[in-house]
Amino acid sequence: LGPTIECFASPLNCRYRQYCSAFPDVEQQFGSLGSFFDDLAFDPSQGSFEANPPFVPETMYAMAKKIQRLLDDEERGPLSFLVVVPNWGAGSGFCRELEQSKHACVNVLIPAADHAFYDGAQHTKLIDNSGSVGKSLVGSSLLRPSSWDTAVILLQNDKGSMKWPVKEKRLKETFCDAFKRTTIDMTDSFNTLEKWERRGVSNGGSVKQRKLPSTVIQQKKSKNQHIVF
817 LGPTIECFAS PLNCRYRQYC SAFPDVEQQF GSLGSFFDDL AFDPSQGSFE
867 ANPPFVPETM YAMAKKIQRL LDDEERGPLS FLVVVPNWGA GSGFCRELEQ
917 SKHACVNVLI PAADHAFYDG AQHTKLIDNS GSVGKSLVGS SLLRPSSWDT
967 AVILLQNDKG SMKWPVKEKR LKETFCDAFK RTTIDMTDSF NTLEKWERRG
1017 VSNGGSVKQR KLPSTVIQQK KSKNQHIVF
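In this text, residue positions in the sequence shown follow this note's numbering: the first is 817, and each later residue adds one.
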C-alpha cells in the first residue's frame, strides 16, 4: 500500500515519521500532523493511510464517517484506508457496517488466539541501556495476548483501488501474517490471556488490594463506634 501515515498515534507509539494525534499543540514537535478529526490538519487529496483508533464506539463511528466522506469525494485523487479494529461488543456492529460500505475492498478477521499486540503502557516499563526489559520485569514482554478477534478492513475509492490493488490473499499473506508472527516473540510465561492476567505486580500487572486480617478489621470497627457526626 505504499508509504503510509497513521491516523491515530502518538510520539510514544507511532511507527511512522508522520501521524495524526490527539494533542498536536505538543506533539507536532515530534511529527504529528494534527488531529485526524481536524479538517484543517487532515484533509488529504490523496494517499494511503492506516487507522487503528481508540476502541471507543463514538470515536470509531466518527472516524468511519470522515473516511466515507473523503472516499465519496470524486474530486480527490487515489485514497486508501486500512482500518484495524477489535471485533467485540459494540465494535462488532461497527465492523459489519464498515464491511458493507461501497468502498470496502477486502476484509479479514484475525482470531484472538492467533496474534498479540503491544500493550498501551509499554512506555512505562523499565528498559535498560541495551534495550532489554529491566530487572523488575524479567520474563515479561512488551507484547500481550489479544482479548478479541481483530478485524482488518481495506477501504479505497476507485482511484485508490487502481493504484494499490490488494486482494484478500495478498492481505492475509502480508499484513495479517505479520500479526500472527507476533505470538512467536511472546514469552512462554505470558503467551495466553489467562497467564497475562495473572502475571502479578512484579511483571507489570495491576496492584491488587491487600485483604486486612480480621483482627485489624475488628479494631477499626470498634474505633468507628466512638465517632460522632
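We treat Cβ as the ideally placed atom computed from N, Cα and C, and that holds for glycine.
Return helix, strand or coil for residue i, following the three-state DSSP convention.
i: V842; result: helix
i: R892; result: coil
i: A825; result: coil
i: A929; result: helix
i: F865; result: strand
i: R912; result: helix
i: D986; result: The amino acid occupying residue 986 in the given sequence is Arg; Asp does not appear at that position. Three-state DSSP puts R986 in a helix.
Excluding the five sequence neighbours on either side, which residues of its own chain have a C-beta within less than 7 Å of the C-beta of residue i, listed in chain order?
i: T881; result: One point to set straight first is that residue 881 is Lys, not Thr, in the sequence displayed. Cβ within range, chain order: n/a, list empty.
Who are the near neighbours of residue i in its chain, counting only those whose CB is closer than 6 Å to its CB and skipping five residues on each side?
i: N923; result: E915 and I969
i: P827; result: E843 and F846
Between residue i and chain C, is the shortest Cβ-Cβ distance under 9 Å, so that the two count as touching?
i: A838; result: Looking at the structure shown, chain C is missing, and only one protein chain is on hand.
Just to confirm the assignment, what range does the alpha helix (DSSP H) spanning residue i have?
i: R997; result: D993 to R997
i: E822; result: Premise fails: E822 lies in the beta strand (DSSP E), T820 to E822, not in any alpha helix (DSSP H).
i: R885; result: P873 to D888
i: L895; result: L895 -> not in any alpha helix (DSSP H); beta strand (DSSP E) instead, spanning L895 to P902.
i: G850; result: Here G850 belongs to no alpha helix (DSSP H), and DSSP marks it neither H nor E.
i: L856; result: First-last for L856: undefined, no H or E at that position.
Beta-carbon within less than 8 Å of residue i's beta-carbon, same chain only, minus the 5 sequence neighbours each way: which residues are those?
i: Q844; result: G850
i: K983; result: V922
Considering residue i, what are the terminal residues of the beta strand (DSSP E) in which it resides?
i: A920; result: A920 to I926
i: L970; result: T966 to Q972
Under 8 Å by Cβ, that's how I've got residue i and residue j pegged, so tell me the actual separation to the nearest angstrom.
i: Q862; j: R833; result: Their Cβ separation, rounded to whole angstroms, is 18 Å, which puts Q862 and R833 out of contact at 8 Å.
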